[in-house]
């Protein structure tokens, strides 16, 4: 997953408060997940990361949290 993040120009965030997206394989009621929902942070799957480089407009960068 970190390779996909670097390909997109992103990095792994150390806190949910610093991330622009939360990456998780399933919905779990964790502190990170609930904080991301409360902040309106997009929640995406690892598969999404691998698909994004091929979509138009990819590579904007950002910090990504892992759920």
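Residue numbers (full-length UniProt numbering): 1 to 67. The beta carbon of each residue, even a glycine, is placed where N, CA and C say it ideally should be.
Sorting 8, 6, 47 and 34 by C-alpha distance to the C-alpha of residue 15 places 34 at the top. Excluding sequence positions up to five before and after residue 42, its CB lies within less than 6 Å of the CB of 21, all in the same chain and listed in chain order. Where residue 22 is concerned, the enclosing beta strand (DSSP E) starts and stops at 21–23. Leaving aside the five residues that flank residue 44 on each side, the residues in its chain whose CB is nearer than 6 Å to its CB run, in chain order, 21 and 23.
Secondary structure of residue 44 (DSSP, three-state): strand.
According to the DSSP assignment, residue 4 belongs to the alpha helix (DSSP H) that extends over 2–7.
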